[in-house]
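2 protein chains.
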Amino acid sequence: MTDTFVGSIEAGGTKFILGVQNVETGETTATKRVPTTTPAETLAACRDFFKENPVKAIGIGSFGPIDIDPKSATFGYISKTPKAGWSNTELKGYFEKELGVPAVLTTDVNASCYGEYIARGRDDEKTYLYITIGTGVGAGAIQQGHFIGYTNHSEMGHMRIPKRADDKYEGGCPFHHDACGEGLTAGPTIKGRTGIPGEDLDRSHPVFDLISYYVAEMLYNIYLTIRPDVMVVGGSVLNEGDMPTVRKYFAEMNNDYVALPHLDELIVRPIVANNGSATLGCFEMAKDLLK
Amino acid sequence: MTDTFVGSIEAGGTKFILGVQNVETGETTATKRVPTTTPAETLAACRDFFKENPVKAIGIGSFGPIDIDPKSATFGYISKTPKAGWSNTELKGYFEKELGVPAVLTTDVNASCYGEYIARGRDDEKTYLYITIGTGVGAGAIQQGHFIGYTNHSEMGHMRIPKRADDKYEGGCPFHHDACGEGLTAGPTIKGRTGIPGEDLDRSHPVFDLISYYVAEMLYNIYLTIRPDVMVVGGSVLNEGDMPTVRKYFAEMNNDYVALPHLDELIVRPIVANNGSATLGCFEMAKDLLK
Numbered sequence: 001m002t003d004t005f006v007g008s009i010e011a012g013g014t015k016f017i018l019g020v021q022n023v024e025t026g027e028t029t030a031t032k033r034v035p036t037t038t039p040a041e042t043l044a045a046c047r048d049f050f051k052e053n054p055v056k057a058i059g060i061g062s063f064g065p066i067d068i069d070p071k072s073a074t075f076g077y078i079s080k081t082p083k084a085g086w087s088n089t090e091l092k093g094y095f096e097k098e099l100g101v102p103a104v105l106t107t108d109v110n111a112s113c114y115g116e117y118i119a120r121g122r123d124d125e126k127t128y129l130y131i132t133i134g135t136g137v138g139a140g141a142i143q144q145g146h147f148i149g150y151t152n153h154s155e156m157g158h159m160r161i162p163k164r165a166d167d168k169y170e171g172g173c174p175f176h177h178d179a180c181g182e183g184l185t186a187g188p189t190i191k192g193r194t195g196i197p198g199e200d201l202d203r204s205h206p207v208f209d210l211i212s213y214y215v216a217e218m219l220y221n222i223y224l225t226i227r228p229d230v231m232v233v234g235g236s237v238l239n240e241g242d243m244p245t246v247r248k249y250f251a252e253m254n255n256d257y258v259a260l261p262h263l264d265e266l267i268v269r270p271i272v273a274n275n276g277s278a279t280l281g282c283f284e285m286a287k288d289l290l291k
Numbered sequence: 001m002t003d004t005f006v007g008s009i010e011a012g013g014t015k016f017i018l019g020v021q022n023v024e025t026g027e028t029t030a031t032k033r034v035p036t037t038t039p040a041e042t043l044a045a046c047r048d049f050f051k052e053n054p055v056k057a058i059g060i061g062s063f064g065p066i067d068i069d070p071k072s073a074t075f076g077y078i079s080k081t082p083k084a085g086w087s088n089t090e091l092k093g094y095f096e097k098e099l100g101v102p103a104v105l106t107t108d109v110n111a112s113c114y115g116e117y118i119a120r121g122r123d124d125e126k127t128y129l130y131i132t133i134g135t136g137v138g139a140g141a142i143q144q145g146h147f148i149g150y151t152n153h154s155e156m157g158h159m160r161i162p163k164r165a166d167d168k169y170e171g172g173c174p175f176h177h178d179a180c181g182e183g184l185t186a187g188p189t190i191k192g193r194t195g196i197p198g199e200d201l202d203r204s205h206p207v208f209d210l211i212s213y214y215v216a217e218m219l220y221n222i223y224l225t226i227r228p229d230v231m232v233v234g235g236s237v238l239n240e241g242d243m244p245t246v247r248k249y250f251a252e253m254n255n256d257y258v259a260l261p262h263l264d265e266l267i268v269r270p271i272v273a274n275n276g277s278a279t280l281g282c283f284e285m286a287k288d289l290l291k
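Quick mapping for you: the protein sequence lines, in order, are chains Y and X. Take the first sequence: its letter number 6 is residue 6 in the UniProt record's numbering, and every next letter is one higher. Take the second sequence: its letter number 225 is residue 225 in the UniProt record's numbering, and every next letter is one higher.
1. So P188 (chain X) contacts chain Y; which residues on that side make the cut at Cβ distance below 7 Å?
2. Check whether chain Y comes within 7 Å of E98 (chain X), counting only Cβ atoms and requiring the distance to be less than that.
3. Counting only Cβ pairs nearer than 9 Å, list the residues of chain Y close to M156 (chain X).
4. Contact defined as beta carbons within less than 8 Å: I believe A286 (chain X) pairs with G7 (chain X). What is the distance between those atoms, to the nearest angstrom?
5. Whole angstroms is fine: what's the gap from K168 (chain Y)'s alpha carbon to D256 (chain X)'s?
6. Which residues in chain Y have a C-beta closer than 7 Å to the C-beta of G149 (chain X)? List them in chain order.
7. How many Å lie between G134 (chain X) and V20 (chain Y) at the Cα?
8. Under a Cβ-count criterion, where at least 16 other Cβ atoms within 10 Å of its own Cβ denotes burial, should D48 (chain Y) be classed as buried or exposed?
9. With DSSP as the reference, label Y257 (chain X) as helix, strand or coil.
10. Check whether the Cβ of N110 (chain Y) lies closer than 7 Å to any Cβ atom in chain X.
11. For G171 (chain Y), I'd like the list of residues in its chain whose CB is within less than 6 Å of its CB, leaving aside the five on either flank, ordered along the chain.
12. Can you find a CB in chain X that lies within less than 7 Å of the CB of P162 (chain Y)?
13. Residues in its own chain within less than 7 Å of L210 (chain X) by CB, not counting five upstream and five downstream?
14. Counting only beta-carbon separations shorter than 7 Å, does Q21 (chain Y) have a partner in chain X?
15. Cβ of E76 (chain X) within 7 Å of Cβ of T106 (chain X)?
16. Which chain X residues are close to L217 (chain Y), counting only those with a beta carbon under 8 Å from its beta carbon?
17. Does the pairing of the region 108 to 126 of chain X with the region 135 to 150 of chain X give three or more beta-carbon distances under 8 Å?
18. Output, in chain order, the set of chain X residues within a Cβ distance shorter than 9 Å of F250 (chain Y).
19. Excluding five sequence neighbours on each side, which residues of the same chain lie with their C-beta closer than 6 Å to the C-beta of E252 (chain Y)?
20. For the region 214 to 222 of chain Y against the region 119 to 134 of chain Y, do three or more pairs of beta-carbon atoms, one drawn from each stretch, fall closer than 8 Å, so that the two count as touching?
21. What's the C-alpha gap between V34 (chain X) and A44 (chain X)?
22. In three-state terms, what does DSSP make of N22 (chain X)?
23. Which word fits L280 (chain X), buried or exposed, when buried means at least 16 other C-beta atoms lie within 10 angstroms of its C-beta?
24. On the DSSP bridge list, what partners appear for K168 (chain Y)?
25. Using the Cα positions of D3 (chain Y) and N22 (chain Y), report the straight-line distance between them to the nearest angstrom.
26. Are the CB atoms of A278 (chain Y) and E24 (chain Y) within a distance shorter than 7 Å?
27. If the cut is a Cβ gap below 7 Å, which residues of chain Y does N255 (chain X) touch?
28. Rounding to the nearest angstrom, what Cα-Cα distance links G192 (chain X) and Y214 (chain X) in this structure?
29. Could you tell me which whole beta strand (DSSP E) segments of length 3 or greater appear in the region 184 to 246 of chain Y?
30. Out of Y:T38, Y:E41 and Y:P54, which one is the CA nearest neighbour of T31 (chain Y)?
31. Which one or two residues does DSSP pair with P35 (chain X) in a beta bridge?
32. Using a Cβ-Cβ cut-off of less than 9 Å, give me the residues of the region 115 to 148 of chain Y that come near chain X, in sequence order.
33. List, in order along the chain, the chain X residues whose C-beta lies closer than 7 Å to that of P82 (chain Y)?
34. With a threshold of 6 Å on Cβ separation, who are the neighbours of T194 (chain Y) within its own chain once the five nearest residues in sequence on each side are excluded?
35. Between N88 (chain Y) and chain X, is there a C-beta pair that is closer than 7 Å?
36. Classify S154 (chain X) as buried or exposed, calling it buried when 16 or more other Cβ atoms lie within 10 Å of its own Cβ.
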């Protein structure tokens, strides 16, 4: 009996990260990074990689918005997106037709959430959240093994949160300005406030306290709404050292309203190493297709 | 063959509303209102009603917080509540032991959501939200036939939302003051702002525009987070005439970010008449126990 392989595509705005996993051994046997240029060029390069490295199924985690409603005529497509040239691009069906294997599509953050759900024991009695604070802010959640949002996908990174009185920044979201989570916490807001990119700032700079406060606001709203058991904070804007600040503000905002679990178990960083939550999630979604 | 009857208990802070439904005919055959005094007195009166009107199963929708985690030692209890005397009161187990029939407990707003889900066709391809703006603000949601929150229950009425610049009110939430939905929109905030109870104000008073704005903020956050197909706005603070204002602000807040369905189908008032969504939901949850 020959081994079975599954594929992963993490479709991002600057690159597509491809991977192949040997299902029997769990080993990653091939990887590739394809620059995000035009859909025709980028997708063909992905297809060629999987022609050279055949798989039985593919899991795709993509930037959005995407159409995940099976009843829709554009099911499996990237929808209207600010990313030039990529609106109305078929993803799922493209790989199914070109490679003759089933594919499953969800958002990049849903895929990351799925990876953390797997890595943390795939406990369908628990609800999982993954939120990333990076160039943008995105989040996905899983309850009873199903993505929250179902045939639509969450956009909770754009929820409206109160601005802190000491923050005079006009906001970085092109749609919601300073009235949403992304507009107040995404990476570019650091340069927007300080003139300096986040990676060049000392971690003691007060902007990280401010962003931790806003992330706590988002997490508090999400906690009250869907009651996750684990909230994973990914992305490069905050790091492990900021988590105590996030937890502190979260507890202050709650002000003993709802009974809280231990916050160092509720608000955590990813446990999948090397930013690999989404790839793990895509591999697992592909394996689910084979069941 | 004799007919089958199920019971409904809507457990509120001022009264418990009891009902009996003939499962075969769908007819409500008995109802009673029991004042909420002490747990011993109120629960005994409920028990006596169902002794006189026997049922095969009981659905309970209660004020909260309640413990709905089957693994918890206090599963089926009201938890620590500001309602004097009612903390740590067993509900589900009380009726099961006293009446010898199965009971199911959820929140009053989850029960209302369940009733609207039933009345609107019990479509498990759709996600339903019920939010009530009344003495407090509560909400429940159903995705794929399951309550969002699962073994915990949503408290999304207390989410943090930005305050409008023209609103100088200090807020009515004892926990979150002016930083949460309940603190800015619940019934008592009207008297808090104007000195006059909402029911005595003309509907053209600007406070209803303000509250409609804040309800739109909550609905927008909930929409982005769990992507409901239907958002039912119940409670006495707003009425049908306020819905166009809520929809207008909702669309303005979105600012063409996510593709929206027709807002007059997304943001609606309850279709179950006479405030009966919760009772219908309790009857249906009781029937589910018999399947």
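For each residue, glycine too, the CB sits at the ideal point set by N, CA and C.
In terms of the structure at hand:
1. Here residue 188 (chain X) refers to the residue found at position 188 when the second sequence is read from its first residue. Within 7 Å Cβ-Cβ: nothing; P188 (chain X) doesn't reach chain Y, min ~17 Å.
2. Taking the second sequence and counting its residues from 1, one reaches residue 98 (chain X) at position 98. Closer than 7 Å: no.
3. Walking along the second sequence from the start, residue 156 (chain X) turns up at place 156. Those within 9 Å of M156 (chain X) in chain Y are N221, L224, T225 and I226.
4. As a working note, residue 286 (chain X) is residue 286 in the second sequence. As a working note, residue 7 (chain X) is residue 7 in the second sequence. With a Cβ gap of about 6 Å, A286 (chain X) and G7 (chain X) count as contacting.
5. Numbered from 1 along the first sequence, position 168 holds the residue referred to as residue 168 (chain Y). Numbered from 1 along the second sequence, position 256 holds the residue referred to as residue 256 (chain X). Looking at the two C-alpha atoms, the distance is approximately 25 Å.
6. Position 149 of the second sequence, counting from 1, holds the residue named residue 149 (chain X). Under the 7 Å cutoff, chain Y gives I226 and R227.
7. For this step, residue 134 (chain X) is matched to residue 134 along the second sequence. For this step, residue 20 (chain Y) is matched to residue 20 along the first sequence. Distance between the alpha carbons of G134 (chain X) and V20 (chain Y): 54 Å.
8. Mapped onto the first sequence, residue 48 (chain Y) falls at position 48. Exposed is the call here.
9. For the purposes of this step, residue 257 (chain X) is taken as the residue at position 257 of the second sequence. Shown here, Y257 (chain X) sits in coil according to DSSP, grouped into three states, outside any helix or strand.
10. Residue numbering aside, residue 110 (chain Y) sits at position 110 when the first sequence is read from its first letter. For N110 (chain Y), the answer is no, since every Cβ of chain X falls outside 7 Å of its Cβ.
11. Translated into the one-based positions of the first sequence, residue 171 (chain Y) becomes position 171. H177, D178 and G183, listed in sequence order.
12. In the first sequence, counting from the first residue as 1, residue 162 (chain Y) sits at position 162. So, interface residue.
13. As a working mapping, residue 210 (chain X) is identified with position 210 in the second sequence. Here the set comprises R164 and D167.
14. Translated into positions along the first sequence, residue 21 (chain Y) becomes position 21. Answer no: the Cβ-Cβ gap between Q21 (chain Y) and chain X never drops below 7 Å.
15. Position 76 of the second sequence, counted from the first residue, corresponds to residue 76 (chain X). Position 106 of the second sequence, counted from the first residue, corresponds to residue 106 (chain X). According to the sequence shown, residue 76 (chain X) is Gly rather than Glu. Cβ distance not < 7 Å, so G76 (chain X) and T106 (chain X) don't count as in contact.
16. Position 217 of the first sequence, counted from the start, is the residue given in the question as residue 217 (chain Y). Going by the sequence as given, residue 217 (chain Y) is Glu instead of Leu. The contacting residues are R160.
17. Touching, per the Cβ criterion.
18. Numbered from 1 along the first sequence, position 250 holds the residue referred to as residue 250 (chain Y). None at all; the shortest Cβ gap to chain X is about 11 Å.
19. For the purposes of this step, residue 252 (chain Y) is identified with residue 252 of the first sequence, where counting begins at 1. Here the set comprises nothing.
20. yes
21. On the second sequence, position 34 is the one that residue 34 (chain X) refers to. On the second sequence, position 44 is the one that residue 44 (chain X) refers to. So the two alpha carbons sit approximately 10 Å from each other.
22. Walking along the second sequence from the start, residue 22 (chain X) turns up at place 22. Here DSSP, grouped into helix, strand and coil, assigns N22 (chain X) to strand.
23. For the purposes of this step, residue 280 (chain X) is taken as residue 280 along the second sequence, with counting starting at 1. Buried: at least 16 other Cβ atoms inside 10 Å.
24. Against the first sequence, residue 168 (chain Y) aligns to sequence position 168. BP columns for K168 (chain Y) are empty, so no partner.
25. Position 3 of the first sequence, counted from the start, is the residue given in the question as residue 3 (chain Y). Position 22 of the first sequence, counted from the start, is the residue given in the question as residue 22 (chain Y). Answer to the nearest angstrom: the Cα atoms are 7 Å apart.
26. Within the first sequence, residue 24 (chain Y) is the residue found at index 24, counting from 1. Within the first sequence, residue 278 (chain Y) is the residue found at index 278, counting from 1. No, these two residues do not count as a Cβ contact at 7 Å.
27. Locating residue 255 (chain X) in the second sequence gives position 255, where the first residue counts as 1. The answer, in chain order, is F175 and H176.
28. Looking up residue 192 (chain X) in the second sequence gives position 192. Looking up residue 214 (chain X) in the second sequence gives position 214. About 16 Å.
29. Positions of the beta strand (DSSP E) runs, each at least 3 residues long and wholly inside the region 184 to 246 of chain Y, are given as 230 to 234 in order along the chain.
30. Locating residue 31 (chain Y) in the first sequence gives position 31, where the first residue counts as 1. Of the candidates Y:T38, Y:E41 and Y:P54, the one whose C-alpha sits nearest the C-alpha of T31 (chain Y) is Y:P54.
31. Here residue 35 (chain X) refers to the residue found at position 35 of the second sequence. The partner list for P35 (chain X) (beta bridge, DSSP) reads X:K15.
32. Using a CB distance below 9 Å, the part of the region 115 to 148 of chain Y facing chain X consists of E125, K126, T127, A139, A141, Q143, Q144, H146 and I148, ordered along the chain.
33. The sequence position of residue 82 (chain Y) within the first sequence is 82, counting from 1. Going along chain X, no residue has its Cβ under 7 Å from P82 (chain Y), so there is no contact; the nearest lies around 10 Å.
34. Within the first sequence, numbered from 1, the residue matching residue 194 (chain Y) stands at position 194. Excluding residues within five positions, the ones whose Cβ falls inside 6 Å are V207.
35. The residue given as residue 88 (chain Y) occupies position 88 in the first sequence. So, not an interface residue.
36. Within the second sequence, the letter at position 154 stands for residue 154 (chain X). Residue environment for S154 (chain X): buried (at least 16 other C-beta atoms within 10 angstroms of its C-beta).
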